[in-house]
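For the sequence shown, the numbering used here begins at 24 and goes up steadily by one. C-beta atoms are modelled at their ideal positions from N, C-alpha and C, and glycine is treated no differently. Please read these numbers as outputs of a predicted model, since none were measured by experiment.
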Amino acid sequence: MLLRKLILSPAIRPFLLVLFLLGLWDLAIRIFGIPAYLIPPPAKVIGQLVEQWPMLLSESWFTTEATIWGFLLSIAVGVPIAMVIAYSRVVESYVYPLLVFSQSVPKVAIAPLFVVWFGFGILPKVITAFLLGFFPVVVSTVMGFKSVESDMLDLARSMGASRLQTFFKISLPAALPAMFSGLKVSVTLAVVGAVVGEFVGSNSGIGYVLQVANGNFDLPLMFAGLVLLSVIGVLLFAVVDLIERMMIPWHASQR
24 MLLRKLILSP AIRPFLLVLF LLGLWDLAIR IFGIPAYLIP PPAKVIGQLV
74 EQWPMLLSES WFTTEATIWG FLLSIAVGVP IAMVIAYSRV VESYVYPLLV
124 FSQSVPKVAI APLFVVWFGF GILPKVITAF LLGFFPVVVS TVMGFKSVES
174 DMLDLARSMG ASRLQTFFKI SLPAALPAMF SGLKVSVTLA VVGAVVGEFV
224 GSNSGIGYVL QVANGNFDLP LMFAGLVLLS VIGVLLFAVV DLIERMMIPW
274 HASQR
């Protein structure tokens, strides 16, 4: 009975799936005879994680720090811009096409420019993380504010509510679910952006570890770095999801 409860627990299911995938990975290598220089077995990757853990933990902090700052910057810039776009058709006609156009520019192509302009510190990584995480925040926030029911706004005005009261009591709560959907996408893309920044010019972070491992053809270390990146993304996603649950417990998505 206890075992069944553990298996059915939502918190345990992801770990069970990971164990299943690890077993499938190891089985596929054994069945098809895949050499270790192409795909290392899970045991070697786990061994490398344990052996290099102090170094990997230290380097993962640099990636996490750049990701968080880039994500926070995307919120600080993206949400106000989205609000202006949502409430002004003139601004939308000017700004929105430029935002869409900016997403067609490969970030890997322009990331070296940030290294030239800002050096090899954390700033280029933060800017790259910001650029990847910025667009989902804007799009989702615009959609959230535009989806507010006009009848609710008319009712608030008829009851004498000020613009500020209408915004905080009706518009913002109605827009939060869509906004958080964009934030969840944004925080995972910010991890990718930070790694891209580390690829093009950095001597720290998981992206730098992946470059070194690639140069040494150390596949177990590369896979260990990829595992850590996945963990960072999942943890940051979980934090955003927790904040969403705290801020909008009334929404249908939290039932």
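Worksheet item: Whose C-beta lies closer than 6 angstroms to the C-beta of residue 14 among residues of the same chain, with five residues either side of it excluded?
Response: For residue 14 there is no data in the structure shown, the boundaries of the chain being 24 and 278.
Item to complete: Mark residue 106 as exposed unless 16 or more other C-beta atoms lie within 10 angstroms of its C-beta, in which case mark it buried.
Response: Reading the sequence shown from its first residue, position 83 is the one you call residue 106. Buried, since its Cβ has 16 or more Cβ neighbours within 10 Å.
Worksheet item: Nearest CA to the CA of residue 252: which residue from 181, 67, 135, 229?
Response: Along the sequence shown, one-based indexing puts residue 252 at 229. Closest option to residue 252, Cα to Cα, is 229.
Worksheet item: Counting along the chain, where does the alpha helix (DSSP H) carrying residue 83 start and finish?
Response: Against the sequence shown, residue 83 aligns to sequence position 60. Here the alpha helix (DSSP H) through residue 83 covers 76–110.
Practice prompt. State the start and end residues of the unbroken alpha helix (DSSP H) segment that holds residue 253.
Written response: Taking the first residue of the sequence shown as 1, we reach residue 253 at position 230. From DSSP, the alpha helix (DSSP H) with residue 253 extends over 242–270.
Fill in: Neighbourhood of residue 115 by C-beta distance below 7 angstroms, restricted to the same chain and skipping five residues each side
In the sequence shown, counting from the first residue as 1, residue 115 sits at position 92. Cβ within range, chain order: 108.
Worksheet item: What residue does the alpha helix (DSSP H) around residue 22 start on, and which one ends it?
Response: The shown model of the chain, from 24 to 278, leaves out residue 22, and the question about it has no answer.
Worksheet item: Since residue 156 contacts residue 210 with CB under 8 angstroms, what's their CB separation in whole angstroms?
Response: Taking the sequence shown and counting its residues from 1, one reaches residue 156 at position 133. Taking the sequence shown and counting its residues from 1, one reaches residue 210 at position 187. That belief holds up - the Cβ atoms of residue 156 and residue 210 are roughly 7 angstroms apart, short of 8 angstroms.
Practice prompt. Compute the Euclidean distance between the alpha carbons of residue 54 and residue 250, then round it to the nearest angstrom.
Written response: Here residue 54 corresponds to residue number 31 of the sequence shown, with the count starting at 1. Here residue 250 corresponds to residue number 227 of the sequence shown, with the count starting at 1. The straight-line gap separating the alpha-carbon atoms of residue 54 and residue 250 is approximately 24 angstroms.
Worksheet item: Looking at C-alpha atoms only, which residue of 226, 45, 162, 225 is the closest neighbour of residue 201?
Response: Here residue 201 refers to the residue found at position 178 when the sequence shown is read from its first residue. For the residues 226, 45, 162, 225, the minimum Cα distance to residue 201 belongs to 162.
Practice prompt. Specify whether the segment 185–197 and the segment 137–157 touch according to this definition: at least 3 beta carbon pairs, one from each stretch, less than 8 angstroms apart.
Written response: no
Discussion item. Quick test of your reading: residue 66 and residue 151, contact by CB under 8 angstroms. State the CB separation rounded to the nearest angstrom.
Written reply: Position 43 of the sequence shown holds residue 66. Position 128 of the sequence shown holds residue 151. Not really, about 34 angstroms apart at Cβ, beyond 8 angstroms.
Discussion item. Is the separation between the beta-carbon of residue 236 and that of residue 93 shorter than 8 angstroms?
Written reply: Here residue 236 refers to the residue found at position 213 of the sequence shown. Here residue 93 refers to the residue found at position 70 of the sequence shown. Not closer than 8 angstroms, so no.
Worksheet item: So, residue 160 versus residue 101, is the Cβ gap smaller than 8 angstroms?
Response: Stepping through the sequence shown from its first residue, residue 160 is reached at position 137. Stepping through the sequence shown from its first residue, residue 101 is reached at position 78. Going by C-beta atoms, residue 160 is nearer than 8 angstroms to residue 101.
Item to complete: Verify whether the separation of the beta carbon atoms of residue 154 and residue 130 is less than 8 angstroms.
Response: As a working mapping, residue 154 is identified with position 131 in the sequence shown. As a working mapping, residue 130 is identified with position 107 in the sequence shown. Between residue 154 and residue 130, the C-beta spacing is below 8 angstroms.
Item to complete: Answer yes or no: do residue 63 and residue 246 have a C-beta to C-beta separation smaller than 8 angstroms?
Response: Residue mapping note: residue 63 aligns to position 40 of the sequence shown, counting from 1. Residue mapping note: residue 246 aligns to position 223 of the sequence shown, counting from 1. Cβ atoms of residue 63 and residue 246: closer than 8 angstroms.
Item to complete: For the alpha helix (DSSP H) holding residue 43, just list the boundary residues, first then last.
Response: Residue numbering aside, residue 43 sits at position 20 when the sequence shown is read from its first letter. Where residue 43 is concerned, the enclosing alpha helix (DSSP H) stretches over 36–55.
Worksheet item: Where does residue 129 sit, in a helix, a strand or coil, going by DSSP?
Response: The sequence position of residue 129 within the sequence shown is 106, counting from 1. The answer is coil: DSSP assigns residue 129 none of H, G, I, E or B.
Worksheet item: From residue 91 to residue 205, what distance separates their C-alpha atoms?
Response: On the sequence shown, residue 91 is found 68 positions in, with the first residue counted as 1. On the sequence shown, residue 205 is found 182 positions in, with the first residue counted as 1. One C-alpha to the other measures close to 15 angstroms.
Discussion item. Assuming contact is defined by CB atoms lying nearer than 8 angstroms, are residue 263 and residue 203 in contact in what I supplied?
Written reply: As a working note, residue 263 is residue 240 in the sequence shown. As a working note, residue 203 is residue 180 in the sequence shown. Yes, these two residues count as a Cβ contact at 8 angstroms.
Practice prompt. Measure from the alpha carbon of residue 224 to the alpha carbon of each residue in 271, 104, 142, 71, then state which is nearest.
Written response: What you label residue 224 is simply residue 201 of the sequence shown in a count that begins at 1. Nearest C-alpha to residue 224 among 271, 104, 142, 71: 142.
Worksheet entry | Buried versus exposed, by CB contacts within 10 Å (16 or more), residue 222 | Here residue 222 refers to the residue found at position 199 of the sequence shown. So residue 222 ends up on the buried side.
Discussion item. Please list the terminal residues of the continuous alpha helix (DSSP H) segment that includes residue 229.
Written reply: Against the sequence shown, residue 229 aligns to sequence position 206. Here the alpha helix (DSSP H) through residue 229 covers 229–238.
Discussion item. Please return the same chain residues whose Cβ sits closer than 8 angstroms to the Cβ of residue 15, not counting the five positions on each side in sequence.
Written reply: Examination of residue 15 is not possible in this model, given that the chain is present from 24 through 278 alone.
Worksheet item: Between residue 269 and residue 98, what straight-line distance do the alpha-carbon atoms span, to the nearest angstrom?
Response: Here residue 269 corresponds to residue number 246 of the sequence shown, with the count starting at 1. Here residue 98 corresponds to residue number 75 of the sequence shown, with the count starting at 1. Looking at the two C-alpha atoms, the distance is approximately 18 angstroms.
Worksheet item: alpha helix (DSSP H) containing residue 61: first to last residue?
Response: As a working mapping, residue 61 is identified with position 38 in the sequence shown. Premise fails: residue 61 is in no alpha helix (DSSP H) and is neither H nor E.
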